[in-house]
Amino acid sequence: DTAVSQTPKYLVTQMGNDKSIKCEQNLGHDTMYWYKQDSKKFLKIMFSYNNKELIINETVPNRFSPKSPDKAHLNLHINSLELGDSAVYFCASSQDWTGELFFGEGSRLTVL
Amino acid sequence: AQSVTQLDSQVPVFEEAPVELRCNYSSSVSVYLFWYVQYPNQGLQLLLKYLSGSTLVKGINGFEAEFNKSQTSFHLRKPSVHISDTAEYFCAVSPLQKLVFGTGTRLLVSP
Chain A
14 DTAVSQTPKY LVTQMGNDKS IKCEQNLGHD TMYWYKQDSK KFLKIMFSYN
64 NKELIINETV PNRFSPKSPD KAHLNLHINS LELGDSAVYF CASSQDWTGE
114 LFFGEGSRLT VL
Chain B
97 AQSVTQLDSQ VPVFEEAPVE LRCNYSSSVS VYLFWYVQYP NQGLQLLLKY
147 LSGSTLVKGI NGFEAEFNKS QTSFHLRKPS VHISDTAEYF CAVSPLQKLV
197 FGTGTRLLVS P
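If you read the protein sequences in the order shown, they are chains A and B.
According to the numbering used here, the first sequence holds residues 14 to 125 in order.
According to the numbering used here, the second sequence holds residues 97 to 207 in order.
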């Protein structure tokens, strides 16, 4: 039973399109995150939600809009995709702040 | 602002040899320190963490790390590596409820 699951695993799309990535966790955690990993493997936090409330927004363009319908789900919608959005997007969750994050397997987005 | 430096982008090593992956951090306040591992095509998994207390921290898969405040380092070590340890290793620091990652070190274990 996967703890943090993301769909889809792979996304290939054209510039200018809109796409969504879904994330669900069955660990009962209160906090969920989106991280972006670029082609050089650099990982950077994008957003963090605690119990459906946005707590971290790391100067991400407005084209990126996270949505948390409940504390077990955190979806990421991206409008007007650009080439630079190509990356692997990781969802993660944590119960408290001791830094132990549980990551999903990632969603590889390729913008052509 | 807090930051993490992993000086080695890649570390090749033979199976059963010891290994050390280096991590230095900068922070003006107390932080928590972490090592995460990423196997190919997978998400990250926590190896070990330092929150407080003993500066020598033991983690999963035989890894350990030592927190050195004076040298602002948190190097990861394993006395004898296996082929299956081949992966990307990330050091991270956590200020203010988020993880700031280093650029990663690729550990390549060969027979």
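The beta carbon of each residue, even a glycine, is placed where N, CA and C say it ideally should be.
Backbone CA spacing between residue i and residue j [nearest angstrom]
{"i": "residue 150 (chain B)", "j": "residue 123 (chain B)", "result": "20 Å"}
{"i": "residue 31 (chain A)", "j": "residue 62 (chain A)", "result": "22 Å"}
{"i": "residue 66 (chain A)", "j": "residue 81 (chain A)", "result": "8 Å"}
{"i": "residue 109 (chain A)", "j": "residue 43 (chain A)", "result": "8 Å"}
{"i": "residue 164 (chain B)", "j": "residue 58 (chain A)", "result": "26 Å"}
{"i": "residue 18 (chain A)", "j": "residue 76 (chain A)", "result": "23 Å"}
{"i": "residue 78 (chain A)", "j": "residue 132 (chain B)", "result": "27 Å"}
{"i": "residue 69 (chain A)", "j": "residue 158 (chain B)", "result": "34 Å"}
{"i": "residue 191 (chain B)", "j": "residue 83 (chain A)", "result": "26 Å"}
{"i": "residue 127 (chain B)", "j": "residue 121 (chain A)", "result": "31 Å"}
{"i": "residue 118 (chain B)", "j": "residue 166 (chain B)", "result": "15 Å"}
{"i": "residue 26 (chain A)", "j": "residue 116 (chain B)", "result": "41 Å"}
{"i": "residue 93 (chain A)", "j": "residue 71 (chain A)", "result": "19 Å"}
{"i": "residue 54 (chain A)", "j": "residue 104 (chain B)", "result": "14 Å"}
{"i": "residue 180 (chain B)", "j": "residue 136 (chain B)", "result": "11 Å"}
Integer-rounded CB distance, given that residue j should sit under 8 Å from residue i
{"i": "residue 129 (chain B)", "j": "residue 205 (chain B)", "result": "About 24 Å separates the two Cβ atoms, so there is no contact after all."}
{"i": "residue 108 (chain B)", "j": "residue 175 (chain B)", "result": "Contact flag wrong, Cβ pair sits at about 17 Å."}
{"i": "residue 56 (chain A)", "j": "residue 123 (chain A)", "result": "At roughly 18 Å, the Cβ-Cβ gap does not stay under 8 Å, so residue 56 (chain A) and residue 123 (chain A) are not in contact."}
{"i": "residue 102 (chain B)", "j": "residue 187 (chain B)", "result": "6 Å"}
{"i": "residue 106 (chain B)", "j": "residue 201 (chain B)", "result": "7 Å"}
Sequence-distant residues of its chain with Cβ nearer than 8 Å to residue i (five each side left out)
{"i": "residue 33 (chain A)", "result": "88, 89, 90 and 91"}
{"i": "residue 160 (chain B)", "result": "144, 152, 153, 154, 172, 173 and 174"}
{"i": "residue 147 (chain B)", "result": "128"}
Buried or exposed by the 16-neighbour rule on C-beta atoms within 10 Å, applied to residue i
{"i": "residue 178 (chain B)", "result": "exposed"}
{"i": "residue 112 (chain A)", "result": "buried"}
{"i": "residue 140 (chain B)", "result": "buried"}
{"i": "residue 156 (chain B)", "result": "exposed"}
{"i": "residue 195 (chain B)", "result": "buried"}
{"i": "residue 125 (chain B)", "result": "exposed"}
Residues near residue i in its chain [Cβ-Cβ closer than 6 Å; skip 5 each side]
{"i": "residue 119 (chain A)", "result": "101 and 103"}
{"i": "residue 112 (chain B)", "result": "176"}
{"i": "residue 152 (chain B)", "result": "162"}
{"i": "residue 120 (chain B)", "result": "101, 168 and 169"}
{"i": "residue 20 (chain A)", "result": "35"}
{"i": "residue 45 (chain A)", "result": "62, 87 and 106"}
{"i": "residue 74 (chain A)", "result": "none"}
{"i": "residue 197 (chain B)", "result": "186 and 188"}
Neighbourhood of residue i by C-beta distance below 7 Å, restricted to the same chain and skipping five residues each side
{"i": "residue 182 (chain B)", "result": "203, 204 and 205"}
{"i": "residue 16 (chain A)", "result": "38, 39, 40 and 115"}
{"i": "residue 110 (chain B)", "result": "206"}
{"i": "residue 134 (chain B)", "result": "140, 183, 184 and 186"}
{"i": "residue 51 (chain A)", "result": "100"}
{"i": "residue 49 (chain A)", "result": "57, 59, 100 and 102"}
{"i": "residue 95 (chain A)", "result": "28 and 124"}
{"i": "residue 98 (chain A)", "result": "91, 122 and 124"}
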